[in-house]
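Working notes, structure below.
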Amino acid sequence: MRVTKTALSVIAISVAGVGTSSPAFAQAAAASAAPTAEVDQNAAIMAFFEEVDTEQLSRSPLGKSYRGIKDSDYGRWDDGSDAAEARDMEAGRSALKEMRARFDPAKLSPENRLSYRLFEKRAERSEAAYKYKDYGYIFDQMNGAQSQIPAFLINIHRIDSKSDARAYINRLYGIGPALNEAIGQARSRAAQGIIPPKWVFPYVISDARNVISGAPFGDGPDAPLFADFKGKVAKLAISQTEKDLLIADAAQALNASVKPAYEALIAEMTAQEKVAGTDDGIWRFKDGAGYYAQLLANYTTTNMTADQIHELGLQQVARIHKEMQVVQKKMGVKGDLKAFFNYMRTDPKFYAPDGDEGRALYLAETQKAYDAIKPLLPKWFGVLPQAPLVVKRVEEFREKSAGKAFYQRPAPDGSRPGTYYANLYRMSDMPLTEVDALFYHEGVPGHHLQLAIQTELKDVPAFRKFGGVTAYSEGWGLYSEKLAKDMGLYTDPARDFGRLQLELHRAIRLVVDSGLHHKRWTREQAIKYVEDNSADAPGGIVKAIERYIIYPGQATAYMVGRLKISELRDKAQKALGKKFDVRGFHDTVLKSGPVPLDILEEQVDAWIAAQKKA
Numbered sequence: 000m001r002v003t004k005t006a007l008s009v010i011a012i013s014v015a016g017v018g019t020s021s022p023a024f025a026q027a028a029a030a031s032a033a034p035t036a037e038v039d040q041n042a043a044i045m046a047f048f049e050e051v052d053t054e055q056l057s058r059s060p061l062g063k064s065y066r067g068i069k070d071s072d073y074g075r076w077d078d079g080s081d082a083a084e085a086r087d088m089e090a091g092r093s094a095l096k097e098m099r100a101r102f103d104p105a106k107l108s109p110e111n112r113l114s115y116r117l118f119e120k121r122a123e124r125s126e127a128a129y130k131y132k133d134y135g136y137i138f139d140q141m142n143g144a145q146s147q148i149p150a151f152l153i154n155i156h157r158i159d160s161k162s163d164a165r166a167y168i169n170r171l172y173g174i175g176p177a178l179n180e181a182i183g184q185a186r187s188r189a190a191q192g193i194i195p196p197k198w199v200f201p202y203v204i205s206d207a208r209n210v211i212s213g214a215p216f217g218d219g220p221d222a223p224l225f226a227d228f229k230g231k232v233a234k235l236a237i238s239q240t241e242k243d244l245l246i247a248d249a250a251q252a253l254n255a256s257v258k259p260a261y262e263a264l265i266a267e268m269t270a271q272e273k274v275a276g277t278d279d280g281i282w283r284f285k286d287g288a289g290y291y292a293q294l295l296a297n298y299t300t301t302n303m304t305a306d307q308i309h310e311l312g313l314q315q316v317a318r319i320h321k322e323m324q325v326v327q328k329k330m331g332v333k334g335d336l337k338a339f340f341n342y343m344r345t346d347p348k349f350y351a352p353d354g355d356e357g358r359a360l361y362l363a364e365t366q367k368a369y370d371a372i373k374p375l376l377p378k379w380f381g382v383l384p385q386a387p388l389v390v391k392r393v394e395e396f397r398e399k400s401a402g403k404a405f406y407q408r409p410a411p412d413g414s415r416p417g418t419y420y421a422n423l424y425r426m427s428d429m430p431l432t433e434v435d436a437l438f439y440h441e442g443v444p445g446h447h448l449q450l451a452i453q454t455e456l457k458d459v460p461a462f463r464k465f466g467g468v469t470a471y472s473e474g475w476g477l478y479s480e481k482l483a484k485d486m487g488l489y490t491d492p493a494r495d496f497g498r499l500q501l502e503l504h505r506a507i508r509l510v511v512d513s514g515l516h517h518k519r520w521t522r523e524q525a526i527k528y529v530e531d532n533s534a535d536a537p538g539g540i541v542k543a544i545e546r547y548i549i550y551p552g553q554a555t556a557y558m559v560g561r562l563k564i565s566e567l568r569d570k571a572q573k574a575l576g577k578k579f580d581v582r583g584f585h586d587t588v589l590k591s592g593p594v595p596l597d598i599l600e601e602q603v604d605a606w607i608a609a610q611k612k613a
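For the sequence shown, numbering that gives the first Met the number 0 gives the first residue as 0, with consecutive numbering after it.
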């Protein structure tokens with residue numbers, strides 16, 4: 000399993016079918032290709048994309064699993080070595096070179112011409128990122144291998160047969176080598192000064208200990224992976240004797256491979272913690288400024304500088320503060336905005352109680368939000384996803400370190416639904432005022448609608464069906480929070496405040512992310528800025544700032560993308576007047592899958608022109 004940060008990728012890249020092919024494949028394909036003028040360019044490029052995807056998937060057992068594919072690789076992990084990463088990069092370069100040599104964009108259909116451009120842009124972004132391939136953290140509280148490995152087995156590896164169970168056991172045995180590879184990479188990077196801040200290590204160590212606590216490692220309840228395996232095997236239509244043998248073999252694999260690897264990880268993280276520093280931003284790296292510039296360009300798909308990002312954030316914070324004051328008057332809360340923030344942050348009626356009762360209440364409120372918006376969707380969208388959506392609590396073994404909410408897309412074959420995860424570790428970090436907006440962002444009309452539609456696209460290459468562009472996807476999620484208000488929801492002013500608070504949260508990200516990684520803010524400075532300018536719960540503030548520290552640049556994409564989508568909708572409404580159809584606009588934004596923001600604008604402009612002629 001590749002767990003280097005640049006390829007953190009391993010999972011995202013595997014799913015995306017990023018478009019890599021081996022040099023051997025490229026040479027063979029080029030040799031067999033007829034001259035450009037003599038072939039059907041459209042049929043040929045679709046075949047090319049399919050071949051590239053197939054070849055890439057052949058090297059990614061995880062990518063296959065995410066897509067619901069079970070074959071001889073089902074019990075394996077991706078090769079996580081630096082050498083494998085280099086091979087993949089070289090393969091991507093070969094594929095790009097071949098595409099440019101074989102195909103003339105002018106001879107392609109509009110859809111295939113778009114695929115050509117997107118393939119090219121993805122390859123260019125990968126090339127720019129590769130320069131900094133060793134700059135990312137291997138182990139952190141957000142994406143570290145210590146939690147991602149068990150999360151993959153629990154959430155992705157299905158057991159529908161005895162052979163699937165054997166494949167799971169094989170993957171348990173494979174955890175040892177995979178984790179040891181990652182430990183070696185982390186040790187190497189630490190020697191080069193690429194080491195997380197000191198406060199990260201207790202999270203990683205805690206996650207690791209949680210994985211190997213309980214049976215079969217010792218006394219107590221079953222450990223997460225053992226419980227998962229036993230629960231899945233229990234549902235198989237095989238004899239109890241066969242089930243018992245499988246469980247015994249899993250226990251042996253856990254003790255023989257998983258336990259020593261996680262113990263080695265704990266030892267390494269304990270050693271690194273002792274020498275880790277307290278500076279937080281990536282400005283401290285050898286070429287931290289260049290790295291941050293590359294990350295901003297990749298995540299936002301713009302040329303905005305860190306200073307421009309910072310200034311945009313300050314402007315948006317001021318705008319949202321004014322909108323919040325309007326809600327404050329509706330709620331009849333006296334005092335200045337800070338007094339209002341304190342009221343919303345501290346009044347118990349805005350929170351579910353800790354414990355199972357509070358968690359059940361939160362999930363019930365989430366279901367209410369789903370029930371409220373579901374019947375409205377056909378009035379606002381022409382195309383709706385087929386895949387179902389389920390709501391789940393983040394697994395207990397990783398909830399202490401995981402984000403407050405996130406989404407996992409469905410499998411293309413229908414074997415896995417889309418899943419909205421809510422982190423209910425501490426209910427004081429999950430105000431009820433934000434229930435609606437969080438769901439509309441992660442569920443519908445946000446990520447579930449967008450990603451399920453993307454997965455269900457017809458006649459587009461795999462890299463478009465399974466890929467991602469952060470500014471587009473997260474911009475859509477944030478746009479969806481406001482869209483729900485346009486649809487007549489948030490009738491309770493407190494819930495409307497929750498919407499604005501989450502929008503403010505994304506505006507603040509522009510300020511603190513650039514503050515931390517460009518202006519050399521400390522973690523404490525960033526926390527203080529959020530405390531002074533929002534109603535975020537204290538625990539949520541700390542977790543958010545810690546996320547931005549180890550995930551530089553990513554959080555800036557939300558507001559940048561949202562502002563562009565809103566700008567394009569306003570542009571279309573102004574240009575079309577009574578001809579403007581919001582269903583058509585939304586379908587235009589979603590029908591091509593994720594695209595850089597400049598290409599999205601081109602798509603909307605073309606739709607506007609077509610509507611004018613209609």
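Even for Gly, the Cβ is constructed at its ideal location relative to N, Cα and C. Every value quoted in this text rests on a predicted model; they were computed, and no experiment measured them.
Taking the beta carbon of residue i as the centre, do at least 16 other beta carbons fall within 10 Å, making it buried, or is it exposed?
| i | result |
| --- | --- |
| G417 | buried |
| G354 | exposed |
| G476 | buried |
| Q140 | buried |
| S256 | buried |
| K63 | buried |
| T469 | buried |
| D72 | buried |
| F24 | Low confidence applies here, because F24 scores a pLDDT of 33, under 50, leaving its location unreliable and the question unanswered by this model. |
| K400 | Inspection of the sequence shows that residue 400 is occupied by Ser rather than by Lys. Looking at its Cβ environment, which holds 16 or more other Cβ atoms inside 10 Å, S400 is buried. |
| R415 | buried |
| S125 | buried |
| N532 | buried |
| N624 | Residue 624 lies beyond the residue range present for the chain, which begins at 0 and ends at 613; the question has no answer from this structure. |
| R318 | exposed |
| P384 | buried |
Write down the C-beta distance between residue i and residue j rounded to the nearest angstrom, noting that I regard them as a contact closer than 8 Å.
| i | j | result |
| --- | --- | --- |
| K614 | L599 | Residue coverage of the chain in this structure runs from 0 to 613, which leaves residue 614 outside it and unanswerable. |
| E394 | I153 | 6 Å |
| W76 | R208 | Not quite, the Cβ-Cβ distance comes to about 22 Å (not below 8 Å), so this is no contact. |
| Y471 | R561 | Rounded, the Cβ-Cβ distance is 10 Å, inconsistent with contact. |
| V434 | E502 | No, V434 and E502 are not in contact; Cβ-Cβ is about 15 Å, not under 8 Å. |
| G497 | A571 | G497 to A571, Cβ: 28 Å. No contact. |
| I549 | Y290 | The Cβ separation is near 13 Å, so there is no contact. |
| T277 | P347 | Wrong, their Cβ atoms sit about 35 Å apart, outside the cutoff. |
| A305 | S513 | 5 Å |
Closest by CA to residue i, which one among the options?
| i | options | result |
| --- | --- | --- |
| K590 | S533, F380, A305 and K231 | F380 |
| D634 | V594, A554 and A613 | Outside the modelled stretch of the chain, which goes from 0 to 613, sits residue 634, for which no answer is possible. |
| T521 | E545, L503 and L509 | E545 |
| Q145 | E441, A185 and K120 | A185 |
| F438 | R494, Y424 and S400 | R494 |
| V203 | R582, F138, E241 and Y172 | F138 |
| L117 | S162, I68 and F465 | F465 |
| L431 | R344, D335, A82 and T53 | R344 |
| Y167 | L450, G74, Y420 and E54 | G74 |
| K578 | V511, K611, M558 and T299 | K611 |
| L295 | V588, H446, A127 and D163 | A127 |
According to DSSP, is residue i part of a helix, a strand, or is it coil?
| i | result |
| --- | --- |
| G552 | coil |
| Q140 | coil |
| G467 | coil |
| D221 | strand |
| T35 | Residue placement at T35 is flagged as unreliable, the pLDDT there being 47, under the threshold of 50; the coordinate-derived value follows with that caveat. If DSSP states are grouped into helix, strand and coil, T35 belongs with the helices. |
| K273 | helix |
| R58 | coil |
| F462 | helix |
| P22 | For P22, the predicted model reports a pLDDT of 31, less than 50, meaning its position is unreliable and no value from the coordinates is stated. |
| T299 | helix |
| V393 | coil |
| F380 | coil |
| K388 | Looking at the sequence provided, one finds Leu at residue 388 rather than Lys. Strand. |
| Q184 | helix |
| T240 | helix |
Would a check of beta-carbon distances place residue i closer than 8 Å to chain C?
| i | result |
| --- | --- |
| H309 | The chain inventory of the structure shown lacks chain C, comprising one protein chain alone. |
Task: the region 244-262 contacting the region 216-225, beta-carbon criterion three pairs below 8 Å - done: yes
Open item on the list: For the structure I just gave you, are there three or more beta carbon pairs, one from the region 280-290 and one from the region 230-239, closer than 8 Å?
Closed with: no
- [ ] Count the CB pairs spanning the region 365-376 and the region 479-489 that are closer than 8 Å, and state whether there are at least three.
- [x] The answer is yes - the region 479-489 touches the region 365-376, with three or more Cβ pairs under 8 Å.
Open item on the list: Does the structure place the region 257-269 close enough to the region 173-189 that three or more beta carbon pairs sit under 8 Å?
Closed with: yes
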